[in-house]
Amino acid sequence: MEAYLGIDVGSISTKGVVLSKDYKVIASAYHRTQGKPVEAIKGLLKELQNQSNHTKIIGAGTTGSARRLAGVMLGADIVKNEIIAHAVASSYYYPDVRTIIEVGGQDSKIIILRDGIPIDFAMNNVCAAGTGSFLEHQATRLGIPIEEFGKYALNAKFGVTIAGRCTVFAESDMVHKAQMGITTEDIIRGLCDAIVRNYLNTVAKGKDIKPLILFQGGVAANIGVKTAFERALEQQVVIPENFLVMGAIGAAMLAQEYINDSKITKFAGFETANTKFITKAFECKDCPNSCEVIETFRQDQIIDRYGDRCGKWSEEVK
Amino acid sequence: MKVAFPYFGYDTIALKNFLEMLGAEVVLPPLPTERTLSLGTKYSPELICLPFKITLGNFIEALEAGADTLFMAAGARKCRFGYYHFIQETILKQIDNNVDFYPISQYTPFEFIFQKMPKIFSVSPARVMKSINFLLAHSRLIENFRKLVRQARVIDFTLASIHEKHALEIIADAINLMQIRKARKEIKALFNFADDLPENIIKVGLVGEIYLMLEPFANHDIEKELGKMGVLVLNNRSLYRHIKHLLHIDFDRIKLNHRAYKYLKESPGGEALNTVGEARTFIKNGVDGIIHIFPFTCMPENIALEALQKMSDDYSVPILSLSIDEHTSKIGLLTRLEAFIDILKRVKNQKAVSRVPRSSLLTPH
Numbered sequence: 001m002e003a004y005l006g007i008d009v010g011s012i013s014t015k016g017v018v019l020s021k022d023y024k025v026i027a028s029a030y031h032r033t034q035g036k037p038v039e040a041i042k043g044l045l046k047e048l049q050n051q052s053n054h055t056k057i058i059g060a061g062t063t064g065s066a067r068r069l070a071g072v073m074l075g076a077d078i079v080k081n082e083i084i085a086h087a088v089a090s091s092y093y094y095p096d097v098r099t100i101i102e103v104g105g106q107d108s109k110i111i112i113l114r115d116g117i118p119i120d121f122a123m124n125n126v127c128a129a130g131t132g133s134f135l136e137h138q139a140t141r142l143g144i145p146i147e148e149f150g151k152y153a154l155n156a157k158f159g160v161t162i163a164g165r166c167t168v169f170a171e172s173d174m175v176h177k178a179q180m181g182i183t184t185e186d187i188i189r190g191l192c193d194a195i196v197r198n199y200l201n202t203v204a205k206g207k208d209i210k211p212l213i214l215f216q217g218g219v220a221a222n223i224g225v226k227t228a229f230e231r232a233l234e235q236q237v238v239i240p241e242n243f244l245v246m247g248a249i250g251a252a253m254l255a256q257e258y259i260n261d262s263k264i265t266k267f268a269g270f271e272t273a274n275t276k277f278i279t280k281a282f283e284c285k286d287c288p289n290s291c292e293v294i295e296t297f298r299q300d301q302i303i304d305r306y307g308d309r310c311g312k313w314s315e316e317v318k
Numbered sequence: 001m002k003v004a005f006p007y008f009g010y011d012t013i014a015l016k017n018f019l020e021m022l023g024a025e026v027v028l029p030p031l032p033t034e035r036t037l038s039l040g041t042k043y044s045p046e047l048i049c050l051p052f053k054i055t056l057g058n059f060i061e062a063l064e065a066g067a068d069t070l071f072m073a074a075g076a077r078k079c080r081f082g083y084y085h086f087i088q089e090t091i092l093k094q095i096d097n098n099v100d101f102y103p104i105s106q107y108t109p110f111e112f113i114f115q116k117m118p119k120i121f122s123v124s125p126a127r128v129m130k131s132i133n134f135l136l137a138h139s140r141l142i143e144n145f146r147k148l149v150r151q152a153r154v155i156d157f158t159l160a161s162i163h164e165k166h167a168l169e170i171i172a173d174a175i176n177l178m179q180i181r182k183a184r185k186e187i188k189a190l191f192n193f194a195d196d197l198p199e200n201i202i203k204v205g206l207v208g209e210i211y212l213m214l215e216p217f218a219n220h221d222i223e224k225e226l227g228k229m230g231v232l233v234l235n236n237r238s239l240y241r242h243i244k245h246l247l248h249i250d251f252d253r254i255k256l257n258h259r260a261y262k263y264l265k266e267s268p269g270g271e272a273l274n275t276v277g278e279a280r281t282f283i284k285n286g287v288d289g290i291i292h293i294f295p296f297t298c299m300p301e302n303i304a305l306e307a308l309q310k311m312s313d314d315y316s317v318p319i320l321s322l323s324i325d326e327h328t329s330k331i332g333l334l335t336r337l338e339a340f341i342d343i344l345k346r347v348k349n350q351k352a353v354s355r356v357p358r359s360s361l362l363t364p365h
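Protein chains in written order, with our numbering: chain W, 1 to 318; chain C, 1 to 365.
This is the structure in structure tokens:
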């Protein structure tokens, strides 16, 4: 069977899917990135290969913040930003979608669609308060597994107000509230409300949020944040079945759009998982810009270089 | 007397030639780099806007290069730019007590022609006027060149970059009106491969704060990056227009202020009214999207942003706002640009096939 591969390498997690030609998810996998994207991608490839026997990959796409590295490693046909990937996947499964709320590990975004076409978007600009890594940090601090975190909010009797503008201030506010004797449940609900308030006042500011509203990305697993969104928007918020891997599905769909039944894929095969990859960085000292140039090697052979302003290192490899 | 002034994009050459015509020996600081920015940031108040930091860095590097007389534009009506020179002078005097610092008020052209310049350079007002005439011609040449190179990048980015270097040499060598006329023809011939643009090209209008729109180091070379993606950038801001505006002979401004009136009735300071007017003009002329670029914490442009968002809803033209400071990462900026351009392409494709039933749009073909 012929299928497409989509990989989404984010700051916290690495996601991948194998998608059939009629957009059925044949295999999907989820790994922690843990600061080692190369290892995470390899682990992901092994798992995807085990799940999808007898499929032939005829196109591959990558997305997420490490999309470039992943694209170089896999020999991806298309390397695209997360916004388009999410928009393409969501508008296929939910043709009526008009708003996508995506909260990931380190960034949050809103995508506005009309008639299945993305027409506007915004990303968090200067602050990462209220994203996945912040929630995870707070969960660890309170000694609650991240998977259970959202359920605590549902058991709250009332929500306290937590300052959600800044991660550090939110944390000291939470400590303060706890020391006043407020229960953990109420504080967590307050935190979920604060995250949503922060999101709506910064990222989604001035955007016309209309139903159908989809909520995806890692934080969508947190039921507390979902209900907080519903409370604030006074509308139903839908979490797609494949909310974790929507970006990866989008990447696979974009690969199909690019291949278009005529081009031949550059995909290096699942064996990439056994190839040795090394990434190095060095500071170019040729001018006061001191660009940090990042190099990727496959089996000691250089395959990619980027990060230089003037382009003299990156053009050498091309 | 060794004169220096901060970089101002491509128009730096015009300002240099202008000062040389008045008899000054000009020391150009090294092109702005990360070092310039970190020097500027080190001596700046923390939350001041980005242009302050880069221009201060330019001044410090100019002092290192041997300059002893510094020029800085001043006066901007209700915007922090008007106070730049007070603070910069204080900071620079602490670094080098012997430096001469001349703020040049933008809104007093008569004082500039009849008192200030004749006194500093001991020349006649007639010579200053002659030099201003030359400055107008030279900056007009540069405006024209920038327009051509933006078109050329869409057709062939590599060729455009090669010709760009050549054209800049031609521009720098033009030191009288005759040579400017000749240079205009030569530059036109250099870029004639891009005379005819394909029709379905993505067009983006750039609006915002003038320094960020004109200085490539400050805006992370946004025009080039968009050109690489095959997007035609429209940018109506230039030194030429700005000088015309200061001499009260830019009649387009009146039109722009009229266009802005529906969304912004009065100038909140800086260039905000101009931003709104230009954006509306771009939309009326049929661009696919607007990119609004300004320094983080810029008051006038943040007010313009609200007006632009309303305009975006009224005309359903997407607008991307980029607020830039020294922490802005180029990779983050490129992700946003790439996503924005992808959105514009998809909107454009949908318009082109709007007669086809929607179900067929959903399956990629």
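For each residue, glycine too, the CB sits at the ideal point set by N, CA and C. From a predicted model like this one, the values you see are computed outputs, not experimental measurements.
| field | residue 266 (chain C): first and last residue of the uninterrupted alpha helix (DSSP H) it sits in | value | Residue 266 (chain C) -> no alpha helix (DSSP H), and no H or E assigned at all.
| Can you find a CB in chain W that lies within less than 7 Å of the CB of residue 356 (chain C)? | Only weak support is given to the placement of residue 356 (chain C): the predicted model assigns it a pLDDT of 43, under 50, and the value that follows is read from those uncertain coordinates. Taking Cβ atoms only, chain W never reaches closer than 7 Å to residue 356 (chain C), which makes this a no.
| query | For residue 287 (chain W), which residues in chain C fall below 7 Å Cβ to Cβ? | reply | 33
| query | Which value, in whole angstroms, describes the spacing of the CA atoms of residue 116 (chain W) and residue 99 (chain W)? | reply | 10 Å
| Whose Cβ in chain C lies nearer than 8 Å to the Cβ of residue 77 (chain W)? | Within chain C, no residue comes near residue 77 (chain W); the closest Cβ sits about 13 Å away, beyond 8 Å.
| Leaving out five residues before and five after residue 45 (chain W) in sequence, what residues of the same chain have Cβ atoms less than 7 Å from its Cβ? | 270, 272, 273, listed in sequence order.
| task | Go ahead and pull the three-state DSSP assignment for residue 123 (chain W). | result | strand
| residue 338 (chain C) versus chain W: which residues are under 9 Å apart at the beta carbon? | 80, 81, 83, 84
| message | So for residue 72 (chain C), helix, strand or coil by DSSP? | response | strand
| field | chain C contacts made by the segment 28-54 of chain W, where a contact means CB separation under 8 Å | value | none
| Alpha carbon to alpha carbon, what distance is there between residue 304 (chain C) and residue 175 (chain W)? | 39 Å
| query | Do residue 277 (chain W) and residue 293 (chain W) come within 7 Å of each other at the CB atom, strictly closer than that value? | reply | no
| message | If we define contact as Cβ-Cβ less than 7 Å, is residue 342 (chain C) a contact residue for chain W? | response | With a threshold of 7 Å between beta carbons, residue 342 (chain C) makes contact with chain W.
| query | Of the residues C:338, C:43, C:326, which one's Cα is nearest the Cα of residue 219 (chain C)? | reply | C:326
| request: Measure the beta-carbon distance from residue 55 (chain W) to residue 79 (chain W) and round it to whole angstroms, keeping in mind my assumption that it falls under 8 Å. | output: Cβ-Cβ separation between residue 55 (chain W) and residue 79 (chain W): approximately 22 Å, too far for a contact (criterion under 8 Å).
| query | Closest Cβ-Cβ distance between residue 362 (chain C) and chain W: below 7 Å? | reply | Here residue 362 (chain C) scores only 42 on pLDDT, less than 50, and its place in the model is too uncertain to base an answer on.
| said: My output table needs one value for residue 288 (chain W): the three-state DSSP class, helix, strand or coil. | reply: coil
| Residue environment, residue 17 (chain W), which counts as buried when at least 16 other CB atoms sit within 10 Å | buried
| request: Out of W:163, W:301, W:256, W:107, point me to the one whose CA is closest to residue 10 (chain W)'s CA. | output: W:107
| said: If the cut-off is 7 Å on Cβ atoms, which residues from the segment 43-61 of chain C count as contacting chain W, listed in chain order? | reply: Flagged: no residues at all.
| said: Short of 6 Å in beta carbon distance, which residues of its chain neighbour residue 137 (chain W), apart from the five on each side in sequence? Order them along the chain. | reply: none
| request: Compare the Cα-Cα distances from residue 289 (chain C) to each of C:338, C:246, C:257 and report the closest residue. | output: C:338
| said: Please identify, using Cβ separations under 8 Å, the residues of the segment 4-21 of chain W that lie next to chain C, in order along the chain. | reply: none
| request: Drop a sphere of 10 angstroms on the beta-carbon of residue 56 (chain C), count the other beta-carbons inside from all chains shown, and report buried for 16 or more, exposed for fewer. | output: buried
| Counterpart residues of residue 101 (chain W) in DSSP-defined beta bridges | W:110, W:215
| task | Tell me whether residue 267 (chain W) sits in a helix, a strand or coil according to DSSP, three-state version. | result | Per DSSP, reduced to three states, the secondary structure at residue 267 (chain W) is coil, with no helix or strand assignment.
| field | Bridge partner(s) assigned by DSSP for residue 280 (chain W) | value | Answer is W:295.
| task | Please decide whether residue 346 (chain C) counts as near chain W, where near means a Cβ-Cβ distance under 7 Å. | result | yes
| said: What does the alpha-carbon distance come out to for the pair residue 282 (chain C) and residue 275 (chain C)? | reply: Near 11 Å, if we compare the C-alpha coordinates of residue 275 (chain C) and residue 282 (chain C).
| field | Minimum Cβ-Cβ distance from residue 119 (chain W) to chain C less than 7 Å | value | Judged by the 7 Å Cβ criterion, residue 119 (chain W) is in contact with chain C.
| request: Could you check the C-alpha separation between residue 143 (chain W) and residue 43 (chain W) for me, to the nearest Å? | output: 28 Å
| Comparing alpha-carbon positions, which option in C:171, C:43, C:61, C:166 lies nearest residue 84 (chain C)? | C:43
| Closer than 7 Å at the beta carbon, the chain C residues around residue 123 (chain W) | 336
| task | Determine the chain C residues that contact residue 206 (chain W) at a beta-carbon separation under 7 Å, and present them in chain order. | result | 309
| In three-state DSSP terms, what is residue 358 (chain C)? | Because the pLDDT of residue 358 (chain C) is 41, which lies under 50, any placement of that residue in the model is unreliable, and the question is left without a value.
| field | C-beta neighbour in chain W for residue 29 (chain C), strict 7 Å | value | no
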